[in-house]
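A short write-up of the structure that comes next.
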Amino acid sequence: MFRVISIFLCSCVQVCANTPNFSGSVPSLVVKTSSQDEYVYFPQTLVWSIDHARGRHMLLLSYQTDSDALHEDGWTGNTWGSGDIGRTWQQVAMPHAPWLFKSCVNRSTAMMCFEYPIRAPHSGFGNQTIGVLRAQIYDGTNQIGTTTATIRFPASKPMYEWGGDTYLMVTDGAVLPLHDNNTLAMLVYGNYKRDGRSGTNYSIVAITSNDGGLSWNWMGTVSHDPLGPCAGPSEHDCVRLAANGNIFCVFRTVHESTLCSVQSADDGLSWTNAVPLNASTAAPNATAPWGVEPKIVQLAGSGRVVISTGRPGIFLWASGVHFTGDDSVGGWTGFNLAAHHNARYSNTALHYHDVIPSTKETTSYTGLVTIPGTEDVLVSYDRLANGWNPAPWPSAASAIFVVRITVSGETTL
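Residue numbers are given in my numbering: position 240 of the sequence shown equals residue 347, and the series is strictly consecutive.
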């Protein structure tokens, strides 16, 4: 009897102490519209880099600057940098400007991965499966090098061609070093040629590189579920879990009512079946993350996984401590970024009209990084004045912000 009671009390203490608390800074304005017909939105790239000239780490934020219509050659963007953990920002002149990039992090440098791989001109491969991912290495001050990275798919796994020389295959910047320390793995999503052009038939695919990102080879399919609750796997992000070393990935689906997840225990050679995150109700009142373009990090101290996503709304979510990939343990706790923005940002002209804003006021695309040595994260997000159209300048402005959030509440065991 005593043993049973002791176990019950320990479990109760652990569950109660597992719930995180959130506290946030005053949001910092990065940029806002300053001219007619200007696009300022989709701030989904936030990445640490190195400013060698000043001997410091710096943040880079890239956002989109043209319409969200499908562009065969990718989207244009601007990049801003911060040397004081996001408090102040200035525009950074990037190589290959003005393209929007994704934050493919490779050790101390940022490998700028662009949206769409293109077939090498006059490669002689015709409609076969070699592609080129435009990329560059940048350290925050100087261009280190510019290269095109080939992506090779086996003849039995050709990708669907969007048109011209472009494959419908998109990177969200999810790059992880594998355990051998010499191999990088990156996820991309798109359509295999056999599946045609259909969002429901999207697949997430793993590719690997043994030369620092100069060339990539097909590794395998991560998720393809055209009929199930995780149909249409697309925008995604991954983290390696400290508790067990597994690669844990979350992704958007065609349903958008919740995110789905997969795991790999063998460095991407095989993956679990995709499952929705553990939620008891549907968005916007769900008890687990939902939405688009999820970003994921893990806090070093508590081992909590933190996810930023939304639509409707913009939210930050934290798991229980020492997360193992099983979100039935500890569940998820959400933090409303739009409500926090309205409560802390003084300029009411840049407030949201609804604390669960629709696409009229935000894309719900975010960037997310941890702040080393802390249990804090930095989140980037947008506030739109005219939906996905240019703001009616000068009477109103769209803007991009970052905010620092502390995630506290550790287990007492």
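Note that the Cβ used here is the ideal one computed from N, Cα and C, for glycine as well.
Review point. Are there 16 or more other CB atoms within 10 angstroms of the CB of G438, so buried, or fewer, so exposed?
Key: buried
Check your understanding: So who's on the other strand from C337, going by DSSP bridges?
Key -> Its beta-bridge partners do not exist; DSSP assigns none.
**Study point:** Per DSSP, cross-strand counterpart(s) of I314
**Key:** M293, W325
Review point. How many Å lie between G131 and H331 at the Cα?
Key: 37 Å
Review point. Rounded C-beta distance between N353 and S371? I'm assuming under 8 Å.
Key: 6 Å
Practice item. For P336, I'd like the list of residues in its chain whose CB is within less than 6 Å of its CB, leaving aside the five on either flank, ordered along the chain. Key: P383
Exercise for review: Look at the alpha carbon of F355 and the alpha carbon of Q143, and state the distance between them as a whole number of angstroms.
Suggested key: 42 Å
Review point. If you draw a straight line from the C-alpha of T315 to the C-alpha of G280, how long is it?
Key: 13 Å
Practice item. For N125, name the three-state secondary structure that DSSP assigns. Key: helix
Check your understanding: Among the residues of its own chain, which have a CB less than 6 Å from the CB of R418, if the five just before and after it don't count?
Key -> G398, V399, S471
Review point. Looking at the structure shown, is L344 part of a helix, part of a strand, or coil, going by DSSP?
Key: The sequence shown places Asp at residue 344, rather than the Leu named in the question. Note: D344 maps to strand in three-state DSSP.
Review point. Alpha helix (DSSP H) containing L444: first to last residue?
Key: 444 to 451
Exercise for review: Note down, in chain order, each residue of its chain lying with its Cβ closer than 7 Å to the Cβ of G410, except the 5 sequence neighbours on either side.
Suggested key: A349, A350, V428, H429, F430
Check your understanding: If you scan the region 407 to 476 from start to end, which runs of the beta strand (DSSP E) of 3 or more residues do you find wholly inside it?
Key -> 412 to 416, 422 to 426, 439 to 443
Exercise for review: Take the Cβ of L207 as the centre, count every other Cβ of all protein chains shown within 10 Å, and call the residue buried at 16 or more, exposed below.
Suggested key: buried
Review point. For Y170, which of S515, F508, S426, G516 has the nearest alpha-carbon?
Key: F508
Review point. For the region 353 to 404, which segments carrying the beta strand (DSSP E) assignment without a break, of at least 3 residues, lie completely within its bounds, in sequence order?
Key: 354 to 358, 367 to 371
Practice item. With a threshold of 16 other CB atoms inside 10 Å of the CB of R194, please say whether the residue is buried or exposed. Key: exposed
Check your understanding: Are there 16 or more other CB atoms within 10 angstroms of the CB of D483, so buried, or fewer, so exposed?
Key -> buried
**Study point:** Beta-carbon proximity list for R511, same chain, < 6 Å, skipping 5 on both sides
**Key:** S132, D483, L485
Exercise for review: State yes or no: is the C-beta of S368 within less than 8 Å of the C-beta of P340?
Suggested key: no
Review point. Can you tell which of V412, A393, T394, G408 has the C-alpha that lies nearest to the C-alpha of K402?
Key: V412
Review point. Considering only residues of the same chain and omitting the five flanking positions on each side of L366, which have a CB-CB separation below 8 Å?
Key: V357, F358, R359, T360, P383, L384, A395, P396, W397, G398, P401, I414, T416
Point to revise | Boundaries of the beta strand (DSSP E) in which L136 is found, first to last residue | key: 135 to 139
Check your understanding: What residues in its chain sit with their C-beta under 6 Å from that of L457, if we drop five residues either side in the sequence?
Key -> R490, A506
Review point. Should W325 and F260 be called a contact, given that it needs their Cβ atoms to be closer than 8 Å?
Key: yes
Review point. From which residue to which residue does the beta strand (DSSP E) around L207 run?
Key: Segment: none, L207 is in no beta strand (DSSP E) and carries neither H nor E.
Exercise for review: Count the other C-beta atoms from every protein chain shown that fall within 10 angstroms of the C-beta of L475, then say buried if there are 16 or more, exposed otherwise.
Suggested key: buried
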